[in-house]
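**Q**
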Amino acid sequence: MKRLILFIAKMYPRAWRERYGAEFEALLKDTGADGRIVVNVFFGAITMLQRWKKIGSVTLLAMSALLAVSWWIGQRPYITPGTNQVFRMDSNAGGMAGFFGFFILLPATIVGLFCVLSCINDRSFRGSAARVGKVCRWIVMAYMAAMMLVSMLTPRTIVSIGDGYCWDLWCLGVEQVNATPQGQNLLYTAKVRLFSDANHVLTARKKNFLYAIDEQGRRFPVFQNSSALPLDTTVRPSESVKTSLSFLAPANARELYLTGDQVAMPWVYLYFGSDINPFHRCTLLRIL
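Here the sequence shown stands for residues -3 to 284, numbered as in the numbering used here.
1) With distances taken Cα to Cα, identify the nearest neighbour of residue 250 among 62, 135, 277, 182.
2) Using the Cα positions of residue 328 and residue 278, report the straight-line distance between them to the nearest angstrom.
3) Assuming residue 217 is part of the beta strand (DSSP E), what are its boundary residues?
4) Going by C-alpha to C-alpha distance, which of 202, 206, 140 sits closest to residue 281?
5) Determine the extent of the beta strand (DSSP E) in which residue 150 is found, giving its start and end residues.
6) If we ignore side chains and look at the alpha-carbon of each, how far apart do residue 219 and residue 284 end up?
7) Using 8 Å as the cut-off, can you tell me whether the stretch 261 to 276 makes contact with the stretch 193 to 209, which would need three or more C-beta pairs spanning the two stretches below that distance?
8) Give the DSSP-derived three-state secondary structure of residue 246 in the structure shown.
9) Counting only the same chain and skipping the five closest in sequence on each side, list residues whose C-beta sits under 8 Å from that of residue 215.
10) Cutting at 7 Å between CB atoms, please list the residues of its own chain near residue 66, excluding the five before and the five after it.
11) Going by DSSP, name the residue or residues bridged to residue 135.
12) Pick from 136, 75, 144: whose alpha carbon is nearest that of residue 153?
13) Going by Cα to Cα distance, which pick from 191, 231, 185, 141 is closest to residue 175?
14) Where does residue 223 sit, in a helix, a strand or coil, going by DSSP?
15) Return the CA-CA distance between residue 221 and residue 70, expressed in angstroms with no decimal places.
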């Protein structure tokens, strides 16, 4: 009878078994086992399973609704007005939140885990460290969840011709686009303006930083004529220079954009609303 009860108890949630399993076995040894206890344990397991099933169903429904809303938002990008405005990869508020999240919460969690796992004889100290570590872990998880939620519910930004966009301190704005047929492709030439968002430092980018992309996700390399100002030209604060970029794309491409692969310090990936946040929709500069 006792073995049957212990077998039924395995139906209980794992969290319950880890917390109360040993006490439950000790109680069985003291009180014994009979048919009534078997029935009670069985119906208790069914009740808990139904409760967890409800929680799982609600969670699944909430996740499905979130994904549906995120998809709906993804189909409705924010298109800038094209009135010489400048848009940026990060916001100050998002940067500060990411800074505190990386430099304060994560190290505190690591320290808490280290204290718990280290061979410390002082149980009271270990208990305090465990509580601190647990609180920090919950804060980090809450921050990550909020960051994902904000990113999933933020529409993509499409920068219109005439506006500018800044990757960190290096900025670019498309001013005019021409298309010339070349066989089954079109040669697009975009006149662009390079400028800086810095106050004191010089800014520059690699020549292969930018690439073109169409509505199907196909990439097209960007190149420059020998007579054009190089893309990796160093730009001084408050300076603005003009150059041109070219790329070949199929004639059937309905939408074309410029974008770039930004590489930054690890904590920048944790910024709220940052373009290089892995959950955020990347900003695109319209060409077509």
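Quick reminder that beta carbons are idealized off the backbone N, C-alpha and C, glycines included. Just so we're clear, the structure is a prediction, and the values are computed from it rather than from any experiment.
**A** For this structure:
1) Locating residue 250 in the sequence shown gives position 254, where the first residue counts as 1. Comparing Cα-Cα distances from residue 250 to each of 62, 135, 277, 182, the minimum goes to 182.
2) Outside the displayed range of the chain (-3 to 284) lies residue 328, so it cannot be described from this structure.
3) For the purposes of this step, residue 217 is identified with residue 221 of the sequence shown, where counting begins at 1. Taken as a continuous stretch (DSSP letters only), the beta strand (DSSP E) holding residue 217 covers 215 to 217.
4) Taking the first residue of the sequence shown as position 1, residue 281 is located at position 285. It is 206 whose Cα lies nearest to the Cα of residue 281.
5) Numbered from 1 along the sequence shown, position 154 holds the residue referred to as residue 150. Element bounds for residue 150: n/a, residue is neither H nor E.
6) Walking along the sequence shown from the start, residue 219 turns up at place 223. Walking along the sequence shown from the start, residue 284 turns up at place 288. About 17 Å.
7) no
8) Mapped onto the sequence shown, residue 246 falls at position 250. In the structure shown, residue 246 sits in a strand (DSSP, three-state: E or B).
9) On the sequence shown, residue 215 is found 219 positions in, with the first residue counted as 1. Contacts found: 207, 208, 209.
10) As a working note, residue 66 is residue 70 in the sequence shown. Excluding residues within five positions, the ones whose Cβ falls inside 7 Å are 148, 149.
11) Locating residue 135 in the sequence shown gives position 139, where the first residue counts as 1. DSSP lists no partner for residue 135.
12) In the sequence shown, the residue the question calls residue 153 occupies position 157. Answer by Cα proximity: 75.
13) Here residue 175 corresponds to residue number 179 of the sequence shown, with the count starting at 1. Residue 175 has its Cα closest to that of 185, out of 191, 231, 185, 141.
14) Here residue 223 refers to the residue found at position 227 of the sequence shown. Reduced to three states, the DSSP call for residue 223 is coil.
15) By one-based count along the sequence shown, residue 221 stands at place 225. By one-based count along the sequence shown, residue 70 stands at place 74. Rounded to whole angstroms, residue 221 to residue 70 spans 36 Å at the Cα level.
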